[in-house]
Every structure is written in structure tokens, then in C-alpha cells.
Amino acid sequence: VDLAERELSAGEWKSLFTAHDPLSLVDSESAYYSKQGYQYRDFDAQEELIEHPALLKTPILRSGGRVHVGYDLAVITDWGAR
Numbered sequence: 016v017d018l019a020e021r022e023l024s025a026g027e028w029k030s031l032f033t034a035h036d037p038l039s040l041v042d043s044e045s046a047y048y049s050k051q052g053y054q055y056r057d058f059d060a061q062e063e064l065i066e067h068p069a070l071l072k073t074p075i076l077r078s079g080g081r082v083h084v085g086y087d088l089a090v091i092t093d094w095g096a097r
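With this note's numbering applied, the sequence shown covers 16 to 97.
Right, here's the structure in full:
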């Protein structure tokens with residue numbers, strides 16, 4: 016999914032949140048995270064991700080019914096072998 020081209024649909028968000036804990040999807044190393052001071056506040060990760068997709072780790076990889084967030088060569092290799 017290319018977030019520069021389009022926003023995630025409600026179904027895509029649901030798929031992400033079903034497959035992963037919302038907090039694990041937050042890119043705590045992003046400039047947006049630091050600039051907005053997320054490291055100093057309590058927040059609902061699911062709510063903030065939907066409101067501010069810049070917090071989302073990328074890339075978002077989808078294959079069949081599977082979804083993975085973040086770069087992981089092992090996942091890419093495994094999915095390519097199937």
C-alpha cells in the first residue's frame with residue numbers, strides 16, 4: 016500500500032489491527048513521532064494511527080490475506096517463496 020497515493024480504507028485498518036497490536040505499528044523513530052512529542056504522552060495507538068497515518072511504520076506489505084508492516088527481509092523472502 017502506497018500511503019502517498021491513497022489513504023487506508025476502513026477494511027485495511029481493521030486488517031492491520033487484527034494482525035498486529037496497534038502500538039507495534041507506531042514508528043517511534045519517525046520525525047513526526049518526535050516532532051509531535053508522542054514520546055512524552057499517553058495515547059491510544061489505534062486512534063492516533065487512523066488520525067495521523069504519518070505515525071505508521073512502512074512499508075505495508077499485503078499478500079493474499081496476510082499483512083506485514085515494516086521492512087523484514089525474512090517475511091519478504093518467505094512470501095515470495097509461496
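A virtual CB, placed ideally from N, CA and C, is assigned to each residue, including glycine.
**Item:** DSSP state of L64 mapped onto helix, strand, coil
**Value:** In the sequence shown, counting from the first residue as 1, residue 64 sits at position 49. Residue state, collapsed to three classes: helix.
**Prompt:** So S39 packs on A69, CB below 8 Å; how close in whole Å?
**Reply:** On the sequence shown, position 24 is the one that residue 39 refers to. On the sequence shown, position 54 is the one that residue 69 refers to. Their Cβ separation, rounded to whole angstroms, is 17 Å, which puts S39 and A69 out of contact at 8 Å.
**Request:** Output the residue ranges of the alpha helix (DSSP H) runs that lie fully inside the region 17-89 and measure 4 residues or longer, sorted by chain position.
**Result:** 25-34, 46-50 and 60-66
**Message:** P37 and Q54 - do their beta-carbons sit closer together than 7 Å?
**Reply:** One-based indexing of the sequence shown puts residue 54 at position 39. One-based indexing of the sequence shown puts residue 37 at position 22. No, they are not a contact pair.
**Prompt:** Since D42 and L76 are thought to touch, with beta carbons under 8 Å apart, how far apart are those beta carbons, to the nearest angstrom?
**Reply:** Here residue 42 refers to the residue found at position 27 of the sequence shown. Here residue 76 refers to the residue found at position 61 of the sequence shown. 15 Å between Cβ atoms; not a contact.
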